[in-house]
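Student: Input: one structure, supplied below.
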Amino acid sequence: MQPTYDITSPQSLLDFAKGLSGKTLAEVIDMTAVTENRSNKGDLGNMVEKYYYGFQPDNSTHLPDFQDAGVELKTTGVLRKSDGSYKAKERLVLTMINYMSLVDEQWDSSSLMEKCRLMLILFYLYEKGLPVFDRRFVLHPSLFEFPEEDLEIIRQDWETIRRKIEDGKAHELSEGDTYYLGACRKGSGGPDEKLREQPFSDVLAKSRAFSLKPSYVNRIIDGHTSEVGAFEVGAGIGIEEATRRKFQPYLGKTVAEISTMLNFHKKGKNDKSFYANLTKRMLGADTKTVPEFDKAGIEPKTVRVDRNWKPAEPMSFPGFKYMDIIHEDWEKSSFFKKIEKRFLFVIFRKDEYGELRLEKVSYWNMPYADRLEAQRVWEDTKRRVGIDASDLPGSKESAVAHVRPKGQDGKDLIPTPQGTSLGKKCFWLNRDYIADVVQNHI
DNA sequence: GCATGATCATGC
DNA sequence: GCATGATCATGC
Numbered sequence: 027m028q029p030t031y032d033i034t035s036p037q038s039l040l041d042f043a044k045g046l047s048g049k050t051l052a053e054v055i056d057m058t059a060v061t062e063n064r065s066n067k068g069d070l071g072n073m074v075e076k077y078y079y080g081f082q083p084d085n086s087t088h089l090p091d092f093q094d095a096g097v098e099l100k101t102t103g104v105l106r107k108s109d110g111s112y113k114a115k116e117r118l119v120l121t122m123i124n125y126m127s128l129v130d131e132q133w134d135s136s137s138l139m140e141k142c143r144l145m146l147i148l149f150y151l152y153e154k155g156l157p158v159f160d161r162r163f164v165l166h167p168s169l170f171e172f173p174e175e176d177l178e179i180i181r182q183d184w185e186t187i188r189r190k191i192e193d194g195k196a197h198e199l200s201e202g203d204t205y206y207l208g209a210c211r212k213g214s215g216g217p218d219e220k221l222r223e224q225p226f227s228d229v230l231a232k233s234r235a236f237s238l239k240p241s242y243v244n245r246i247i248d249g250h251t252s253e254v255g256a257f258e259v260g261a262g263i264g265i266e267e268a269t270r271r272k273f274q275p276y277l278g279k280t281v282a283e284i285s286t287m288l289n290f291h292k293k294g295k296n297d298k299s300f301y302a303n304l305t306k307r308m309l310g311a312d313t314k315t316v317p318e319f320d321k322a323g324i325e326p327k328t329v330r331v332d333r334n335w336k337p338a339e340p341m342s343f344p345g346f347k348y349m350d351i352i353h354e355d356w357e358k359s360s361f362f363k364k365i366e367k368r369f370l371f372v373i374f375r376k377d378e379y380g381e382l383r384l385e386k387v388s389y390w391n392m393p394y395a396d397r398l399e400a401q402r403v404w405e406d407t408k409r410r411v412g413i414d415a416s417d418l419p420g421s422k423e424s425a426v427a428h429v430r431p432k433g434q435d436g437k438d439l440i441p442t443p444q445g446t447s448l449g450k451k452c453f454w455l456n457r458d459y460i461a462d463v464v465q466n467h468i
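So this is what it looks like as C-alpha cells:
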C-alpha cells in the first residue's frame, strides 16, 4: 500500500487512522496480501501497522512504533453499554516491566515514557472469538497525551512500582498499589509459567506490565481525562492528600450532623447503602460515582465500628455464579480483581453515647500473604462447588475470607453443577480480619 | 456475641 | 431484571 500520510507527523498519522473508523481491517486492506493466518486472534496492532499503514516497526526497541513522530500505536477493545455508549473491556497494556533495568531508570527518560508519551489509540468493538481482521473499529481514534495533572499521579505510581522492586518485592506487586498506572499481570499464567528474576531478591516474580487501569481508559473514551474533577490533584498533592482534604470538614462529626450538612438523609431503617452513599456525597459526587476514584480504580468501603474498633459486619464482594466459577481462573475472577484494588476505608465509630461519628479515613491494600489466603479460599470454593454447592467455606475455615449468601430474597436462586437451585452467594472478608486491619494496619 | 442466613435500596 | 454494597435478622 502506498502510504498517504506523513510518517513524521502525529496529526497526519491520526488523520490516516480515521479511515478505519466504522470499518474492519478486512474491509479496507488487500486481504490477498495477508500472509498471517486469517483467523489470527492476537496482534491487531501489528496487523494495522503492517497492512493498513504499510509500515513495520522495529519491535526490538523500546522506542515508539512510529519513532519519527514519537507515536506509539495501541488498539484496545471496548464494549457497548445498553445506552449505546462504550466502555473499556479491560486495561490498556503499555509495556512490559523489566524488573532488572527499571530500578536504574529515571522517570523522564524511562522506557515507559520513551515509548508511551504520545499514543494513537484505536478502539474496536470486542466480540468473543472474533479474528483480528474482522474486528470493527468504533469511536474516533484518539491521539492521546497524558494531561499534566494526570501525569503527576502516573509518575507517583511509577515511582511506587519502582520502589517496590528496589525493596526486593517484585513478586508482591499488585494493581492496588497504585492509582492510574497499574502493574498488571501479563503472562501465560498457570503452573508452567516462566517466572522472572528481580534485582534485589532471589524470589522469582510473575511477569507484569505497565498498564492503564480500565477506569482510566474509560476516562480516555469519554474524553474526560483533563476534566476538572472533584479533586485538586497536582504537583505535590497526590490522591491521598486530596482525599484527606475532602473529608476534613466532616471528620469527628456525627452521622446526623453530616446528613444535615449535606442535606442527605437515611431513607428508612432498611436503607442499607446509606453510609456508602453518604460517603460519596462527602466526596462531592451524587450517589452514582466519584469521578476521580473511578479514574483511579479506588474502591471505597464504609466500615462501622463500635467503641472498641470492632466492625459491625464483615465485608462483602460481588456475587459469583456456581456454573461460572467452576470454569474460572483465579486471576480472572471478580474477587481477585477486587482485592488487588486500593481500598479507601471510611470508618464510622460509635462515640461514648453510642452515636456514630466519622472517625477516620484511610487507604489500604491487601497484603500479599492475605491475597494468597484469599486465593486458597477461592480455589477451595471452586472445588467444592463442583462436588456439593451447598457446602462452601465458612468463616471458621479461614482467618481471611469466607462464603455467604448474597441475594435479593429467598426466591433469588441460580443453578448448581449438581442440577439443584441454590441462593446466590459471594465472598466476604471475615469480620475479625477487618477488625485486625482497622485496629493495626491503617 | 458470633456465625450464618436473609434481604434491602439503588442504579444501570 | 439484576448486580452491587451493604445491613438486618435469627438461632445457638
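If you use the working numbering, the first sequence closes out at 468, no skipped numbers anywhere.
The beta-carbon is built from N, C-alpha and C at its ideal position, and this holds for glycine as well.
Tell me which same chain residues have a C-beta within less than 8 Å of the C-beta of V97, skipping the five on either side of it?
Tutor: Taking the first residue of the first sequence as 1, we reach residue 97 at position 71. Contacts found: P36, L39, P90, D91, L144, M145, L146 and L169.
Student: Let me know the alpha helix (DSSP H) ranges lying completely inside the segment 50 to 128, each 4 residues or longer, listed in chain order.
Tutor: If we require 4 residues or more, the alpha helix (DSSP H) runs fully inside the segment 50 to 128 come out as 51 to 54, 70 to 73 and 125 to 128.
Student: Taking the beta strand (DSSP E) that F300 falls in, what are its first and last residues?
Tutor: Working through the first sequence from its first residue, we reach residue 300 at position 274. That residue, F300, is in no beta strand (DSSP E); its alpha helix (DSSP H) goes F300 to M308.
Student: Report the residue ranges of all beta strand (DSSP E) runs contained in full by the segment 138 to 213; include only those spanning at least 3 residues, in chain order.
Tutor: Runs of the beta strand (DSSP E) inside the segment 138 to 213: 144 to 151, 163 to 171 and 207 to 211.
Student: Grab me the residues of A461's own chain with a C-beta within less than 6 Å of its C-beta, minus the 5 sequence neighbours each way, in chain order.
Tutor: Start at 1 with the first residue of the first sequence, and residue 461 comes out as number 435. Hits under 6 Å: K336 and P337.
Student: Within the same chain, show all residues whose beta-carbon is closer than 7 Å to that of T186, passing over the 5 residues directly before and after it, in chain order.
Tutor: Here residue 186 corresponds to residue number 160 of the first sequence, with the count starting at 1. Only D203 and T204 meet the Cβ criterion.
Student: Which partner residues does A235 have in the DSSP bridge list?
Tutor: Residue mapping note: residue 235 aligns to position 209 of the first sequence, counting from 1. In the DSSP output, where bridge partners are listed per residue, A235 has M122 and C210.
Student: Indicate whether T280 and R383 have their beta-carbon atoms separated by less than 8 Å.
Tutor: Residue 280 sits at position 254 when you count from the first residue of the first sequence. Residue 383 sits at position 357 when you count from the first residue of the first sequence. Going by C-beta atoms, T280 is nearer than 8 Å to R383.
Student: With distance defined between alpha-carbon atoms, name the residue in G278, G420 and S47 nearest to T101.
Tutor: For the purposes of this step, residue 101 is identified with residue 75 of the first sequence, where counting begins at 1. Residue S47 is the option with its Cα nearest to T101.
Student: Quick one: is F226 buried, meaning 16 or more other Cβ sit within 10 Å of its Cβ, or exposed?
Tutor: By one-based count along the first sequence, residue 226 stands at place 200. Classification for F226: exposed.
Student: So for S421, helix, strand or coil by DSSP?
Tutor: Indexing the first sequence from 1 puts residue 421 at position 395. Coil.
Student: Would DSSP call E405 helix, strand or coil?
Tutor: For this step, residue 405 is matched to residue 379 along the first sequence. Helix, per DSSP.
Student: Could you please give the first and the last residue of the uninterrupted alpha helix (DSSP H) stretch that includes M287?
Tutor: In the first sequence, the residue the question calls residue 287 occupies position 261. First-last of the alpha helix (DSSP H) with M287: V281 to L288.
Student: Answer with buried or exposed for T34, where buried requires no fewer than 16 other C-beta atoms within 10 angstroms of its C-beta.
Tutor: Here residue 34 refers to the residue found at position 8 of the first sequence. T34 is exposed by the Cβ-count criterion.
Student: Measure the Cβ-Cβ separation of W390 and F374 and say whether it is below 8 Å.
Tutor: For the purposes of this step, residue 390 is identified with residue 364 of the first sequence, where counting begins at 1. For the purposes of this step, residue 374 is identified with residue 348 of the first sequence, where counting begins at 1. Contact flag unset, no.
Student: Using 8 Å as the threshold, is the C-beta distance between G323 and K432 below it?
Tutor: As a working mapping, residue 323 is identified with position 297 in the first sequence. As a working mapping, residue 432 is identified with position 406 in the first sequence. Not a contact, by the Cβ cut-off of 8 Å.
Student: If you draw a straight line from the C-alpha of G449 to the C-alpha of D438, how long is it?
Tutor: Counted from its first residue, the first sequence places residue 449 at position 423. Counted from its first residue, the first sequence places residue 438 at position 412. Spanning the two alpha carbons is a distance of roughly 6 Å.
Student: Which word fits R333, buried or exposed, when buried means at least 16 other C-beta atoms lie within 10 angstroms of its C-beta?
Tutor: For this step, residue 333 is matched to residue 307 along the first sequence. Result: exposed.
Student: Round the Cβ separation of Y77 and V60 to the nearest angstrom and send it over; I've been treating them as touching at under 8 Å.
Tutor: Along the first sequence, read from residue 1 onward, the residue named residue 77 stands at position 51. Along the first sequence, read from residue 1 onward, the residue named residue 60 stands at position 34. Between V60 and Y77 the Cβ distance is about 7 Å, and since that is below 8 Å, they are a contact.
Student: Span of the alpha helix (DSSP H) holding K363?
Tutor: As a position in the first sequence, residue 363 is number 337, starting the count at 1. K363 -> alpha helix (DSSP H) spans S360 to I365.
Student: Would S233 pass as a contact of R222 if the rule is Cβ separation under 8 Å?
Tutor: Counting from one through the first sequence, the residue named residue 233 turns up at place 207. Counting from one through the first sequence, the residue named residue 222 turns up at place 196. Cβ distance < 8 Å, so S233 and R222 count as in contact.
Student: Grouping DSSP H, G and I as helix and E and B as strand, with all else coil, what is Y31?
Tutor: Counted from its first residue, the first sequence places residue 31 at position 5. Coil.
Student: Can you have a look at N456 and say buried or exposed, based on whether 16 or more other CB atoms are within 10 angstroms of its CB?
Tutor: By 1-based counting over the first sequence, the position of residue 456 is 430. Label assigned to N456: buried.
Student: Where does V429 land, buried or exposed, given buried means 16+ other C-beta within 10 angstroms?
Tutor: Indexing the first sequence from 1 puts residue 429 at position 403. It counts as buried.
Student: Run through DSSP, which three-state label would K321 get?
Tutor: As a working note, residue 321 is residue 295 in the first sequence. Helix, per DSSP.
Student: Closest to S65 by C-alpha separation, out of Q401, V158 and D248, would be which residue?
Tutor: On the first sequence, position 39 is the one that residue 65 refers to. Closest option to S65, Cα to Cα, is V158.
Student: Would you say F149 and Y206 are within 8 Å of each other, going by their C-beta atoms?
Tutor: Along the first sequence, read from residue 1 onward, the residue named residue 149 stands at position 123. Along the first sequence, read from residue 1 onward, the residue named residue 206 stands at position 180. Contact: no.
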